[in-house]
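Encoded as structure tokens, the structure appears first; notes follow it.
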Amino acid sequence: MSTVAPSRPVTPTGTTPHRRTALDWRIRFGVLSLIWGFSFLLIKVGTAGYAPFHVTLGRLVFGTAVLAVAMAVKRERLPRGARTWGHLTVAAFFLNALPFSLFAYSELTIPSTLAGICNATSPLWGMALSLVALSEDRPTRRRVAGLGIGFLGVLTVLGAWQGFHGLDATGTAMALLASLSYPIGWIYVRRTLAGSSHSHLSMTGAQLLLATAQLAFVTPLFTTLPSHFPVVPLLAIAALGALGTGLAVLLQYGLVAEVGPTTAQMVTYFIPVIATAAGVAILGESLTWSTPVGAAIVLAGAALTQARARR
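For the sequence shown, counting from 1, position 212 maps to 210 in our numbering; every step adds exactly one.
What follows is the structure in structure tokens.
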């Protein structure tokens, strides 16, 4: 659910030549924003009937299936080499298995609107970490100001002036840790897999396959098989995986290849808006003034952290 300087589970390497598709990129951009924005609602619905690890495992299974079909259609093969698979295992953990699980657990106790806003902090975490881990990312006054403004927005969303009253600390911490996990994974990928000769689709398919294997191993250790299978939550999990993980990845790497990562990553700023609207309108979640105001501050700060100095 993250994009280039974060969200969400995308490809680890640079862009490859991409043929312009018949569907305008702006339409695909809007569809991607809607898919990822509604993902937090789908997580909430899924956890109403299944354990968080079941939701995450199902999400990965359906998402991997979509990538497998896409690879078969394009006659792509999985990457080779123990080194590549080793790095992809780490990437799968930080970009898929861990954040997906944390968001699922967080939404047991916090509204989907708050989870969606927490996801928007990924660019802030990414900027802070890149200043330490990536020597080529030099701090500028604008980016440092964006970092400060962004975390001021987080405090506004959480209602810090009233002592975080009524806020579930554990659930919120899990959502923020999930958002932190994305840039950790991206920095790792950037340092270990940049310049790989394998295609986006091949690398992402392998990454999701590894994340599925990780959850398949962990889930039986912490949960038991469901005794019944509620239909609506199951459909939500299927949509979350097939659309929010599988189709969304295909849409995003297509956008990155066609219009570049800077434009494609702007989807990050639409996700919390859509997540909030969906949570309030469909799930009836409550909304105080501090939530949209804080979210706007977070997004303004995140936008500043992505600004590059003029050459």
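Glycine included, C-beta positions come from ideal geometry on N, C-alpha and C. If you're wondering where the values come from, they're calculated on a predicted model, not measured in any experiment.
GLY299 - containing alpha helix (DSSP H), residue span: Position 301 of the sequence shown, counted from the first residue, corresponds to residue 299. 288 to 303 is the span of the alpha helix (DSSP H), which, as asked, contains GLY299.
If you compare alpha carbons, which of VAL291, PHE60 and VAL29 is closest to LEU310? Shown here, the chain extends from -1 to 309; a query on residue 310 therefore has no answer.
Mark PHE91 as exposed unless 16 or more other C-beta atoms lie within 10 angstroms of its C-beta, in which case mark it buried. Along the sequence shown, one-based indexing puts residue 91 at 93. PHE91 comes out buried.
Host alpha helix (DSSP H) of GLY172 (start-end): If you number the sequence shown from 1, residue 172 lands on position 174. Here residue 172 is Met; the residue named in the question, Gly, does not match the sequence. Looking at the DSSP string, the run of the alpha helix (DSSP H) that includes MET172 is 167 to 190.
Tell me, to the nearest whole angstrom, how far the beta carbon of PHE101 is from that of ILE41; I am working on the premise that it is less than 8 Å. Here the question's residue 101 lines up with position 103 in the sequence shown. Here the question's residue 41 lines up with position 43 in the sequence shown. So it is a contact: roughly 6 Å between Cβ atoms.
In whole angstroms, what is the alpha-carbon distance linking LEU58 and LEU153? Along the sequence shown, one-based indexing puts residue 58 at 60. Along the sequence shown, one-based indexing puts residue 153 at 155. Near 32 Å, if we compare the C-alpha coordinates of LEU153 and LEU58.
How close, in whole Å, do the beta carbons of GLY258 and ARG26 come, if the pair is a contact with beta carbons under 8 Å? By one-based count along the sequence shown, residue 258 stands at place 260. By one-based count along the sequence shown, residue 26 stands at place 28. In fact, because the Cβ distance is near 14 Å, the residues do not count as touching under 8 Å.
Using only the alpha-carbon positions, how far apart do GLU74 and LEU191 sit? Taking the first residue of the sequence shown as 1, we reach residue 74 at position 76. Taking the first residue of the sequence shown as 1, we reach residue 191 at position 193. If I take the Cα positions, the gap works out to 18 Å.
Quick check for students: name the residue ranges of the alpha helix (DSSP H) that lie wholly in the segment 92 to 159, counting only runs of 4 or more. 96 to 104, 110 to 117, 120 to 131 and 139 to 156
Contact between the segment 199 to 209 and the segment 69 to 89 (3+ Cβ pairs under 8 Å): yes
In this structure, does DSSP put HIS85 in helix, strand or coil? In the sequence shown, counting from the first residue as 1, residue 85 sits at position 87. In the three-state DSSP reduction, HIS85 falls in the helix class (H, G or I).
Given LEU46 as reference, the closest of LEU150, GLY35, ASP166 and ILE108 once Cα atoms are compared: Counted from its first residue, the sequence shown places residue 46 at position 48. According to the sequence as given, residue 46 is Ala; it is not Leu. Selected option, being the one with the closest Cα: ILE108.
When DSSP labels each residue in this structure, what does PRO224 get in the three-state scheme? Counted from its first residue, the sequence shown places residue 224 at position 226. Reduced to three states, the DSSP call for PRO224 is coil.
In terms of residues, what are the limits of the alpha helix (DSSP H) holding PRO231? If you number the sequence shown from 1, residue 231 lands on position 233. It spans 229 to 239 - the alpha helix (DSSP H) in which PRO231 sits, taken as one unbroken run.
What did DSSP end up calling GLY35 once you bin it into helix, strand or coil? By one-based count along the sequence shown, residue 35 stands at place 37. In this structure, GLY35 counts as helix in the three-state DSSP scheme.
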